[in-house]
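Protein chains in written order, with numbering that gives the first Met the number 0: chain P, 0 to 247; chain X, 0 to 247; chain Z, 0 to 247; chain G, 0 to 247. Where is the CB? At the ideal position from N, CA and C, for every residue including glycine.
Number of protein chains: 4
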Amino acid sequence: MTDRIRLTIWNEFRHEKVHDSVKKVYPDGLHATLAKNLAKAGQFDIRTATLDEPEHGLAEKVLAKTDVLTWWGHMAHKEVGDEIVARVKKRVLDGMGLIVLHSGHFSKIFRALMGTSCALKWREADEKERLWTIEPGHPIAQGIGEYIELPNHEMYGERFDIPQPDEQVFISWFEGGDIFRSGCCWRRGHGRIFYFSPGHETYPIYENPQIIRVIANAVRWAAPLVNMPSDSCPNTKPLETIRSKRKS
Amino acid sequence: MTDRIRLTIWNEFRHEKVHDSVKKVYPDGLHATLAKNLAKAGQFDIRTATLDEPEHGLAEKVLAKTDVLTWWGHMAHKEVGDEIVARVKKRVLDGMGLIVLHSGHFSKIFRALMGTSCALKWREADEKERLWTIEPGHPIAQGIGEYIELPNHEMYGERFDIPQPDEQVFISWFEGGDIFRSGCCWRRGHGRIFYFSPGHETYPIYENPQIIRVIANAVRWAAPLVNMPSDSCPNTKPLETIRSKRKS
Amino acid sequence: MTDRIRLTIWNEFRHEKVHDSVKKVYPDGLHATLAKNLAKAGQFDIRTATLDEPEHGLAEKVLAKTDVLTWWGHMAHKEVGDEIVARVKKRVLDGMGLIVLHSGHFSKIFRALMGTSCALKWREADEKERLWTIEPGHPIAQGIGEYIELPNHEMYGERFDIPQPDEQVFISWFEGGDIFRSGCCWRRGHGRIFYFSPGHETYPIYENPQIIRVIANAVRWAAPLVNMPSDSCPNTKPLETIRSKRKS
Amino acid sequence: MTDRIRLTIWNEFRHEKVHDSVKKVYPDGLHATLAKNLAKAGQFDIRTATLDEPEHGLAEKVLAKTDVLTWWGHMAHKEVGDEIVARVKKRVLDGMGLIVLHSGHFSKIFRALMGTSCALKWREADEKERLWTIEPGHPIAQGIGEYIELPNHEMYGERFDIPQPDEQVFISWFEGGDIFRSGCCWRRGHGRIFYFSPGHETYPIYENPQIIRVIANAVRWAAPLVNMPSDSCPNTKPLETIRSKRKS
Chain P
0 MTDRIRLTIW NEFRHEKVHD SVKKVYPDGL HATLAKNLAK AGQFDIRTAT
50 LDEPEHGLAE KVLAKTDVLT WWGHMAHKEV GDEIVARVKK RVLDGMGLIV
100 LHSGHFSKIF RALMGTSCAL KWREADEKER LWTIEPGHPI AQGIGEYIEL
150 PNHEMYGERF DIPQPDEQVF ISWFEGGDIF RSGCCWRRGH GRIFYFSPGH
200 ETYPIYENPQ IIRVIANAVR WAAPLVNMPS DSCPNTKPLE TIRSKRKS
Chain X
0 MTDRIRLTIW NEFRHEKVHD SVKKVYPDGL HATLAKNLAK AGQFDIRTAT
50 LDEPEHGLAE KVLAKTDVLT WWGHMAHKEV GDEIVARVKK RVLDGMGLIV
100 LHSGHFSKIF RALMGTSCAL KWREADEKER LWTIEPGHPI AQGIGEYIEL
150 PNHEMYGERF DIPQPDEQVF ISWFEGGDIF RSGCCWRRGH GRIFYFSPGH
200 ETYPIYENPQ IIRVIANAVR WAAPLVNMPS DSCPNTKPLE TIRSKRKS
Chain Z
0 MTDRIRLTIW NEFRHEKVHD SVKKVYPDGL HATLAKNLAK AGQFDIRTAT
50 LDEPEHGLAE KVLAKTDVLT WWGHMAHKEV GDEIVARVKK RVLDGMGLIV
100 LHSGHFSKIF RALMGTSCAL KWREADEKER LWTIEPGHPI AQGIGEYIEL
150 PNHEMYGERF DIPQPDEQVF ISWFEGGDIF RSGCCWRRGH GRIFYFSPGH
200 ETYPIYENPQ IIRVIANAVR WAAPLVNMPS DSCPNTKPLE TIRSKRKS
Chain G
0 MTDRIRLTIW NEFRHEKVHD SVKKVYPDGL HATLAKNLAK AGQFDIRTAT
50 LDEPEHGLAE KVLAKTDVLT WWGHMAHKEV GDEIVARVKK RVLDGMGLIV
100 LHSGHFSKIF RALMGTSCAL KWREADEKER LWTIEPGHPI AQGIGEYIEL
150 PNHEMYGERF DIPQPDEQVF ISWFEGGDIF RSGCCWRRGH GRIFYFSPGH
200 ETYPIYENPQ IIRVIANAVR WAAPLVNMPS DSCPNTKPLE TIRSKRKS
């Protein structure tokens, strides 16, 4: 581990190319906006990677030098190669942190790590969302206060089909009458995973300083302490004398 | 749901055909022994299924009529078809209970539901194992007392790469100096999953009345209360009037 | 354990005597309403107990014959004797179920079992509450559907100072902009505890069939499987020969 | 928060005065040994406090300047004043870290925070203990490796009557045939709590560098991020207009 956290920001980068409403908000892709704003928010060595690069920008050597990966995808989840998903999953289990953003709830990588469908309710109604801080003492909530208010956002609602979070940091209120577990932590293998729901592509959510602060906090929280294989299955010698052996 | 639990006992059924040491212990396959002993232990409608049957004995219509599935596999995990694994996983998320036994820790279905490698330490040294009851008030521990002692067993040891169990029912002591989380519960989707480590193929573990009692308890615990899709992702209407809409 | 669950409904029974607005809703005390409606909802042997009875109606012999206790209190938490609280707590740890209702969040018994302050935000603004079902597969949620709507209720909001629930069954949406973890499960000792927030004394909440259904489900879920002391601290003999002893 | 963690080491300091076997191991009290060794292990501003000091050395102003408190007690748990226990508990809920050592499992403060009896099995048989690292990626396990071996120790065994830990870092194997959840984390209010079982008073356990390393790691892990009251119960204004009000 270096002192500076090596952060890779992954973005599907398709909506920004084909939808004018998105291009207007994120002209260089939302990875570029995240990179720009996270650079101001922490001691991070940042690179970006996108779906249409070779190996989706996630070559072995890139992942080997990544402490924390953020993931935003939506319309092309199915185009992410299974081999790359397996590679990212192994890196998480070996210690790399993973921050899954918004529609990334339905990404192959998040579903593979959760073991559930990760389905949810949704609605595009331009409504108000308020993310309540459930655990103010949690590292990811530092500096946030009682809640974050988003004046207009896509609704994500329960039931969200996830394993119960190890730590529930935020729960959202929606104007249209729904609630949502919007900030959730899990440990898997030696890695830490944070799901954070804000970030619909038609709103400039990743320009919001509080949202960026949460993501920066999460990057620091998810940075690995160890980096070792979690998937060996060693045959080991006994540490104590065994006296129970059956006569053969 | 009927009053009687519909239990399907799945067994790889390979060791029993090729290894004399196993054939001696389980002449008709360990599924047959499990079926015989579980029939005495509960109000179960039991069927069995094995790897070499068409669709591994797990056709859609079989799973649709299965409340709880037990899974034992070892040498042929890779031969289980991915399509069947996806089918079983969907059934678990929709509500079916799953009891994973012994070397089933490395089955595709268990790994897919856990999201981790499910690796562990192991040793065949014929040593004593003692399973301590950690939660005597848990349904799966009813009638067991302080511990179960197995005079000789394969050692499974930590670290076991699993998500922290929702409920830890048993932890094992091994004569050779290791410990193991040997009875673990999780909820995933609408389904319940229990991993139980006893059952190496060269010992008559599934003739042990206490082991059978735990499995029968687990079948009752895992029987579904609901049976509904967990993976829809519905677009929903607001329940309250939305006044925040942006002017376009 | 008998087949029928022995249920004791405890009520502070003070508001109903001094506030006309409450007397109008619960003329015989809210324990009487709960008893009447729960009698229709399950196979329960019901008794009631109130603060002003000797030993608050919770003599040793009453508790010894109680499988599940429900608790409603508000204005007189401090008048509950510490000895009675210790007695109830011991019974819960030994296996008795406990259902804590509404303002019971600040009762001595709930705070003693949680170890936290159990503080929350609140507001009496006659607003709409919608309790979303987070775990439809949970026994306590059976028959409820997606949500319960209360047209007018007191607001209870986050942060609710509780240990993270072992199982989160309901989360509430409030018209005034708040959310609340309104249905929470914990295991403590051999006992099970459910906190359920509906039930402000000025609304006929305990006449609502869905609310009664949740409480009846919770009574069945919390009924003990074992009844044994959790607080002995036995000196035990080794089960294996100890060879490491230091020379003295 | 200052950069250096302000650590208060609390010790009952009675055994060392009355038992020669303990005085020999900890001539100045085990708090002195812990202070000496923890001073080498981290950037800590250390003070000690003992039972027989006024207010047990835990005056309001001491606690106000304490980020993390370690607690060792055994023969005189009952002499700790209830008012001091309430004061320490409030500080933990407000953010202070608490490390409970060995026989501190039966201290008033630990029991008050857990809500359970905290009873366990025990045996003084001079036997070997091996603490297995269950979560190598956890901050408290850094630098420890697969296990810590104690050649001779008092046995603490299951069932340990605690709420299931939020994170299980160590589980112990004992030569005499028992296992024990020996390193356990919980969050309560804004504070973090770690229970660590090594440290019987007749063995020089707190001279063991690995044990000291775990405690130093735990102090860093438990250091508070926030320091704020967790027990206010504010009446709040609605954030949204309420339209559902009943006509009166």
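{"Asked": "Any C-beta of chain Z under 9 Å from that of Gly136/X", "Found": "yes"}
{"Asked": "DSSP beta-bridge partners of Glu78/G", "Found": "For Glu78/G, which the question treats as bridged, DSSP gives no partner whatsoever."}
{"Asked": "Contact set between Ile170/X and chain P, taken where Cβ atoms lie within less than 7 Å", "Found": "Those within 7 Å of Ile170/X in chain P number zero; the least Cβ separation is about 17 Å."}
{"Asked": "Nearest to His30/X (by Cα), restricted to the options Arg110/X, Glu126/X and Gly56/X", "Found": "Gly56/X"}
{"Asked": "Meets three-Cβ-pair contact criterion under 8 Å: the stretch 7-27 of chain P and the stretch 44-60 of chain P", "Found": "yes"}
{"Asked": "Same chain, Cβ closer than 7 Å to Ala137/X, five either side skipped, listed in chain order", "Found": "The sequence as given places His at residue 137/X; Ala does not occur at that position. The answer, listed in chain order, is Glu166 and Val168."}
{"Asked": "Buried versus exposed, by CB contacts within 10 Å (16 or more), Gln163/P", "Found": "buried"}
{"Asked": "Short CB-CB distance (under 9 Å) between Gly156/Z and chain P", "Found": "yes"}
{"Asked": "Arg13/X, DSSP secondary structure in three states", "Found": "coil"}
{"Asked": "contact_flag[the stretch 189-208 of chain G, the stretch 90-98 of chain Z] where n(CB pairs < 8 Å) is 3 or more", "Found": "no"}
{"Asked": "Chain-ordered neighbours of Asp177/X on chain G, where CB pairs are closer than 8 Å", "Found": "Trp131 and Trp172"}
{"Asked": "Length of the line joining the Cα atoms of Thr1/Z and Met154/P", "Found": "Low confidence applies to Thr1/Z: its pLDDT is 49, below 50, so where it sits in the model is not reliable, and the reading given next is rough at best. Straight-line Cα distance between these residues: approximately 48 Å."}
{"Asked": "Where Asn234/X falls, given that 16 or more other Cβ within 10 Å makes a residue buried", "Found": "exposed"}
{"Asked": "Nearest to Trp220/X (by Cα), restricted to the options Leu97/X, Ala75/X, Pro237/X and Gly188/X", "Found": "Leu97/X"}
{"Asked": "Chain-ordered neighbours of Gly144/P on chain G, where CB pairs are closer than 8 Å", "Found": "Within chain G, no residue comes near Gly144/P; the closest Cβ sits about 11 Å away, beyond 8 Å."}
{"Asked": "Integer Cβ distance of Asp258/P from Lys244/X, believed to fall under 8 Å", "Found": "An answer regarding residue 258/P cannot be provided, because it is not within the stretch 0 to 247 covered by chain P."}
{"Asked": "Gly103/G vs His73/G beta-carbon contact at 9 Å", "Found": "yes"}
{"Asked": "Extent of the continuous alpha helix (DSSP H) run through Gln209/G", "Found": "Pro208 to Ala221"}
{"Asked": "CB contact below 9 Å: Arg90/Z versus chain G", "Found": "no"}
{"Asked": "Inter-stretch contact (C-beta, 8 Å, three-pair minimum) for the stretch 167-184 of chain Z and the stretch 171-179 of chain P", "Found": "yes"}
{"Asked": "Distance, Ile8/Z Cα to Val213/Z Cα", "Found": "15 Å"}
{"Asked": "Close-in-space but distant-in-sequence residues of the same chain around His76/X (CB under 7 Å, 5 per side omitted)", "Found": "Phe105, Ser106 and Lys107"}
{"Asked": "Spatial neighbours of Ala38/Z in its chain, beta-carbon cut-off 7 Å, leaving aside the 5 residues before and after", "Found": "Ile45"}
{"Asked": "Interface residues of the stretch 4-24 of chain X facing chain Z [CB-CB below 9 Å]", "Found": "none"}
{"Asked": "Of the residues Ala217/Z, Ile133/Z, Val225/Z and Arg86/Z, the one placed nearest Ser116/G, counting alpha carbons only", "Found": "Arg86/Z"}
{"Asked": "Given Ala118/X as reference, the closest of Cys232/P, Ile241/P and Leu238/P once Cα atoms are compared", "Found": "Cys232/P"}
{"Asked": "Option nearest Glu200/P by Cα separation, candidates Val79/P, Ser20/P and Ile4/P", "Found": "Ser20/P"}
{"Asked": "Backbone secondary structure at Leu97/Z - three-state DSSP", "Found": "strand"}
{"Asked": "Local conformation of Ser102/Z per DSSP, three classes", "Found": "helix"}
{"Asked": "Rounded separation between Trp70/P and Pro26/P - CA only", "Found": "19 Å"}
{"Asked": "Closest Cα partner of Gly156/P within the set Pro228/Z, Ile139/Z, Ile83/Z and Trp131/Z", "Found": "Trp131/Z"}
{"Asked": "Beta-carbon gap between Ile139/X and Ala217/X smaller than 9 Å", "Found": "yes"}
{"Asked": "Secondary structure of Val67/Z, DSSP reduced to three states", "Found": "strand"}
{"Asked": "Chain-ordered neighbours of Gln141/G on chain X, where CB pairs are closer than 7 Å", "Found": "Within 7 Å Cβ-Cβ: nothing; Gln141/G doesn't reach chain X, min ~15 Å."}
{"Asked": "Against chain Z: residues of the stretch 223-246 of chain X by CB proximity under 8 Å", "Found": "Pro223, Leu224, Val225, Met227, Leu238 and Glu239"}
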